[in-house]
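J.: Can you read through this structure? Questions will come right after.
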Amino acid sequence: MRRHILSILLENEPGALSRVAGLFSARGYNIESLTVAPTDDPSMSRMTVVTRGSDDIVEQITKQLNKLVDVIKLIDLSEGPYIERELLLLKVKVATTNQREEVKRLVDIFRGQVIDVGDATYTIEMTGSGDKIDAFVKAIEASLILEVVRSGVSGIGRGNKTLHL
Amino acid sequence: MSAVNQLTEMTGADILVNCLVQEGVEIVFGYPGGSVLYIYDALFKQNSIRHILVRHEQAATHAADGYSRATGKPGVVLVTSGPGVTNTITGIATAYMDSIPMVIITGQVPTSLIGNDAFQEVDSVGISRPCVKHNFLVKDVSKLAETIKKAFYLAVSGRPGPVLVDIPKDVTAQKTWFEYPESIEMRSYKPVFNGHPGQIRKAAELLLLAKRPVIYTGGGVVLGNGSAELVELTRMLGYPITQTLMGLGSYPATDPQFIGMLGMHGTYEANMAMHECDVLLAVGARFDDRVTGDVKQFCPQAKIIHIDIDPSSISKNVKVDIPIVGTVDRVLRDLIKAIKESGKQTDADMLANWWQQIDTWRATNCLRYDRKSQLIKPQFAIEKLYEITKGDAYVTSDVGQHQMFVAQFYKFTKPRRWINSGGLGTMGFGMPAAMGVKLAFPQETVVCVTGESSIQMCIQELSTCKQFDLPLKILNLNNGYMGMVRQWQEMFYDKRYSHSYFEALPDFVKLAESYGHVGLRVEKPAELESVLKEAFALTDRLVFIDCKIDPAENVYPMMAAGKGHHEMMLSPYQEERELA
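Chain order of the listed sequences is A and B. In terms of my numbering, the first sequence opens at residue 760 and continues consecutively. In terms of my numbering, the second sequence opens at residue 7 and continues consecutively.
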């Protein structure tokens, strides 16, 4: 059960997303995270799906996705070197000076930023791999966390490897 | 209305009808309603397309499906929004599971009302999505012609399947310039045609080295029109061939190289040969669970070659050694060529041994049944049907024991003659499917073999058959039970026959008569032949033959679910040895 990151180019059509999501639920596959947005060509969307499964299952997922009429092209990024990033927006309670200092220190260690300050809250922005985000959220004292917003993973291959038409 | 291709301003409804004409559509199966009134108005004003008014939308899809299976052309369905669409879902799913090309046009509430919970509104694209190859919602009349072109292209190309086009009512009223695209190019959809030459060469080498080969083929050979190539290859090699339920007819069942259907109710010789084979050539088959049994015990000694149009069918259930993606006719032609060019021969001695082994399995006579029974045995009924129709009828079926008996006892010799719901197993399929076949081939004999349970699921279509003068022959193997359910309850649930018996059944003879048809009843084996002859002599009438059969008969042989091919249950019936 390895983690796979599938990068998909698909038609930017209404319903394309639900076809992909529906395929996973109908066939009992896992979606750990899914991100999607239009590309520089507005007729196409780029989707990153993180899934877990044996090699056989992921082979089937890839074939089934390729069979969807709206899917133009896809690759399994985790078959080679790749970069993955996730965006975290985190709102924490910082009532005391002590808490403010501690949170700011952790944000600096993890190379995040405080992007909004309220009466008794900080809103933090951070990007990184899923592991790094996990580690940061774990490092913040649980009782201080008011809201966790994670984007899900976006991925891209390293070096000359590209996914384009 | 003649086909129009020069630029003319037309309503969406007229554009749709013109698109269908340009696609060569002759028959549309449908049922009108509020959202499709403009389309029905456009149909009223033309003479190129015949509309067949069914009694229930499910039957429209089955009829279009039967039409498609028999002709190879896409079936076309037209229904209204809401319940019109939901009623088609069973038929669409049936076509999807068996890869049948179909275009379903559904009306939708006006675009301004979509999402409003309007009268007869349902999310047709959403509700059909898991059981179509693709679907569209057309929100702009200027996109209509292109969408219909895409729908037909998608339905028939690659691995075929149903495509649904949802058209809101206002779009059918709007006008635009009509031009039908001559061809269509989709960057996200590029079906493969030719198999990889290197893989084909490897397959040829492996096949020629085989000592205990089996050819196993499925519905793909029928759908892909690869029957002639399959026959040539099989005869050239001299290898045994077995077929799935969906594959029957693409190799003549009367040929000595044919060892019968395989799988759950396949022959003993076919399943044993699968278990013992060393090279398996799978063509247009998808290793379905009813065929493979326990996949861990599937062809344990075999190297497997798999030819299929759909890459996702390859290594889905069973790992294969040489996958070849392409259309079956082209790949088989290339394979025949590669075998000839290799200059090598099959191993004649080993093959003779293999056939000797197969003949010992054949000697178990696994399809035996009691021919001296006082009750009509369903097997006997199918054998008689085979004789009287000279093995050349189009036969549709519903689902259950009767379906298996046809598969075992009606020896199909041509593709597209055996029409049944294999993947989804849809009861109620048989009669509407037979309507579609009869409309496609009015001169041919079309028989629907059914049971008293299945036939009641679409019985209302007897009325459609009357209106459109469709002289089907319906052979109702009536045992009062859902036979296959009863069989499983007998075998696996200690004979607790939970809700599988009908306390009340209609008098089918009177029922047929009340619809304006001929009804006949037969209860004794000795009368069967004469009743069937009487029925088939009435060539211009629909004849409903209510055939009372032995309620206790089971389908044998049987490989129980989760068992291997070598673990078959044979019929407990023992033939009396003929005295010399």
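From the three backbone atoms N, C-alpha and C, an ideal C-beta is built for every residue, glycine too. In this text, all values refer to a predicted model and were calculated from it rather than measured experimentally.
1. For R61(B), which residues of its own chain have a beta-carbon under 7 Å away from its beta-carbon, when the five flanking residues on both sides are left out?
2. Who are the Cβ neighbours of P80(B) in its own chain at under 7 Å, not counting the five residues just before and after it?
3. I believe L22(B) touches L150(B) by the beta-carbon criterion, under 8 Å. Please report the beta-carbon distance rounded to the nearest angstrom.
4. List the residues of chain B that I831(A) touches, going by C-beta distances under 7 Å, in chain order.
5. Going by CA-CA distance only, name the one from T821(A), R844(A), I842(A) that's closest to D835(A).
6. Of all Cβ atoms in chain A, is any one closer than 9 Å to the Cβ of N24(B)?
7. Determine which residues of the region 760-778 of chain A have a Cβ less than 8 Å from any Cβ of chain B, and write them out in chain order.
8. Would you call the CB atoms of L287(B) and I190(B) closer than 9 Å?
9. So which residues on chain B does L828(A) lean against when the C-beta distance must stay under 8 Å?
10. What is the C-beta distance between V817(A) and I790(A), in whole angstroms, given that I count them as a contact (C-beta under 8 Å)?
11. What do you reckon, are the CB atoms on K479(B) and I382(B) nearer than 9 Å?
12. Since P317(B) meets chain A, which of its residues come closer than 9 Å, beta carbon to beta carbon?
13. Is the region 224-242 of chain B in contact with the region 397-412 of chain B, if contact means three or more CB pairs nearer than 8 Å?
14. Mind listing the chain B neighbours of L924(A)? Cutoff is C-beta to C-beta under 8 Å, in chain order.
15. Please check the pair L776(A) and Q823(A), which I expect to be a contact at CB under 8 Å, by giving their CB distance rounded to whole angstroms.
16. What in chain B is Cβ-close to G781(A), meaning under 7 Å?
17. Terminal residues of the continuous beta strand (DSSP E) containing S910(A)?
18. Would S321(B) pass as an interface residue toward chain A - the criterion being a Cβ-Cβ separation below 9 Å?
19. With 9 Å set as the bound, which would you pick, yes or no: does the beta-carbon of M7(B) sit closer than that to a beta-carbon of chain A?
20. Are G226(B) and R296(B) closer than 9 Å when you measure CB to CB?
21. Does I310(B) come within less than 9 Å of chain A when only Cβ atoms are used?
22. Got a sec: is the Cβ-Cβ distance from T855(A) to anything in chain B below 9 Å?
23. Return yes when the Cβ of V91(B) is within less than 9 Å of the Cβ of P172(B), no when it is not.
24. Using a Cβ-Cβ cut-off of 9 Å, state whether E906(A) counts as contacting chain B.
25. Using only the alpha-carbon positions, how far apart do C283(B) and G244(B) sit?
26. In the structure shown, what three-state DSSP assignment does Y499(B) receive?
27. By Cβ distance below 8 Å, which residues in the same chain neighbour D47(B) in space, the five residues on each side in sequence not counted?
28. Reducing DSSP to helix, strand and coil, say where F411(B) ends up.
29. Between which two residues does the beta strand (DSSP E) harbouring M252(B) extend?
30. Looking at C-alpha atoms only, which residue of P258(B), R218(B), T456(B), G429(B) is the closest neighbour of D355(B)?
31. Can a CB atom of chain B be found closer than 9 Å to the CB of E818(A)?
32. Note down, in chain order, each residue of its chain lying with its Cβ closer than 8 Å to the Cβ of E584(B), except the 5 sequence neighbours on either side.
33. With a cut-off of 8 Å, do at least 3 Cβ pairs link the region 202-209 of chain B to the region 294-308 of chain B?
34. Is it the case that the Cβ atoms of G253(B) and T419(B) are separated by a distance below 9 Å?
35. Which residues in the same chain have their Cβ closer than 7 Å to the Cβ of A70(B), if we skip the five residues on either side of it in sequence?
T.: The relevant details are as follows:
1. Taking the second sequence and counting its residues from 1, one reaches residue 61(B) at position 55. Hits under 7 Å: Q466, E467, S469, T470.
2. Your numbering for residue 80(B) matches position 74 in the second sequence. By the criterion of a C-beta distance shorter than 7 Å, P80(B) is surrounded in its chain by S74, P107, M108, V109, F158, A161, V162, once the five residues flanking it on both sides are discounted.
3. For this step, residue 22(B) is matched to residue 16 along the second sequence. For this step, residue 150(B) is matched to residue 144 along the second sequence. Right, the Cβ-Cβ distance comes to about 7 Å (below 8 Å), so this counts as a contact.
4. For the purposes of this step, residue 831(A) is identified with residue 72 of the first sequence, where counting begins at 1. Here the neighbours are R193, S194.
5. In the first sequence, the residue the question calls residue 835(A) occupies position 76. Here the closest residue by C-alpha is T821(A).
6. To locate residue 24(B), count along the second sequence from 1; it is residue 18. Taking Cβ atoms only, chain A never reaches closer than 9 Å to N24(B), which makes this a no.
7. Flagged, chain order: L769, E770, P773, G774, S777, R778.
8. Counting from 1 along the second sequence, the entry for residue 287(B) is found at position 281. Counting from 1 along the second sequence, the entry for residue 190(B) is found at position 184. Cβ distance not < 9 Å, so L287(B) and I190(B) don't count as in contact.
9. The count along the first sequence starts at 1 and reaches residue 828(A) at position 69. Checking the displayed sequence, the identity of residue 828(A) turns out to be Val instead of Leu. Simply K139, H140, L160, M192, S194, Y195.
10. Sequence index remark: in the first sequence, residue 817(A) carries index 58 (1-based). Sequence index remark: in the first sequence, residue 790(A) carries index 31 (1-based). At roughly 13 Å, the Cβ-Cβ gap does not stay under 8 Å, so V817(A) and I790(A) are not in contact.
11. Here residue 479(B) refers to the residue found at position 473 of the second sequence. Here residue 382(B) refers to the residue found at position 376 of the second sequence. Not closer than 9 Å, so no.
12. The residue you call residue 317(B) lines up with position 311 of the second sequence. Within chain A, the residues near P317(B) are K822, N825, K826.
13. No: the two stretches stay apart, fewer than three of their Cβ pairs being nearer than 8 Å.
14. On the first sequence, residue 924(A) is found 165 positions in, with the first residue counted as 1. Per Cβ cutoff of 8 Å: R193.
15. Your numbering for residue 776(A) matches position 17 in the first sequence. Your numbering for residue 823(A) matches position 64 in the first sequence. Actually they are not in contact, since the Cβ atoms of L776(A) and Q823(A) sit about 16 Å apart, beyond 8 Å.
16. Locating residue 781(A) in the first sequence gives position 22, where the first residue counts as 1. By Cβ distance, chain B contributes R135, P136.
17. Indexing the first sequence from 1 puts residue 910(A) at position 151. 904-916 is the span of the beta strand (DSSP E), which, as asked, contains S910(A).
18. Numbered from its first residue, the second sequence carries residue 321(B) at position 315. So yes, S321(B) belongs to the interface.
19. As a working mapping, residue 7(B) is identified with position 1 in the second sequence. Note that M7(B) scores a pLDDT of 47, beneath 50, so its modelled location is shaky and nothing firm can be said.
20. Taking the second sequence and counting its residues from 1, one reaches residue 226(B) at position 220. Taking the second sequence and counting its residues from 1, one reaches residue 296(B) at position 290. No, they are not a contact pair.
21. Position 304 of the second sequence, counted from the start, is the residue given in the question as residue 310(B). Not flagged as an interface residue toward chain A: I310(B), since no C-beta distance is shorter than 9 Å.
22. As a position in the first sequence, residue 855(A) is number 96, starting the count at 1. T855(A) does not count as touching chain B.
23. Counting from one through the second sequence, the residue named residue 172(B) turns up at place 166. Counting from one through the second sequence, the residue named residue 91(B) turns up at place 85. According to the sequence shown, residue 172(B) is Asp rather than Pro. It is a contact, given that the beta carbons lie within the stated cut-off.
24. For the purposes of this step, residue 906(A) is taken as the residue at position 147 of the first sequence. E906(A) does not count as touching chain B.
25. As a working note, residue 283(B) is residue 277 in the second sequence. As a working note, residue 244(B) is residue 238 in the second sequence. Roughly 15 Å separates the two Cα atoms.
26. Within the second sequence, the letter at position 493 stands for residue 499(B). Coil, per DSSP.
27. Locating residue 47(B) in the second sequence gives position 41, where the first residue counts as 1. Within the same chain, D47(B) has close Cβ partners A19.
28. Here the question's residue 411(B) lines up with position 405 in the second sequence. In the structure shown, F411(B) sits in a helix (DSSP, three-state: H, G or I).
29. Taking the second sequence and counting its residues from 1, one reaches residue 252(B) at position 246. For M252(B), no beta strand (DSSP E) encloses it, and the DSSP letter there is neither H nor E.
30. Taking the first residue of the second sequence as 1, we reach residue 355(B) at position 349. Looking at the Cα atoms, R218(B) is the closest of the given residues.
31. Taking the first residue of the first sequence as position 1, residue 818(A) is located at position 59. At least one chain B Cβ lies under 9 Å of E818(A).
32. If you number the second sequence from 1, residue 584(B) lands on position 578. Here E584(B) scores only 49 on pLDDT, less than 50, and its place in the model should not be relied on; the value that follows carries that caveat. Contacts found: none.
33. With the rule of 3 Cβ pairs closer than 8 Å, the region 202-209 of chain B does not count as touching the region 294-308 of chain B.
34. As a first step, residue 253(B) must be located in the second sequence, where it is residue number 247. As a first step, residue 419(B) must be located in the second sequence, where it is residue number 413. At least 9 Å separates the beta-carbon of G253(B) from that of T419(B).
35. Reading the second sequence from its first residue, position 64 is the one you call residue 70(B). F35, G81, V82, V83, M108, G442.
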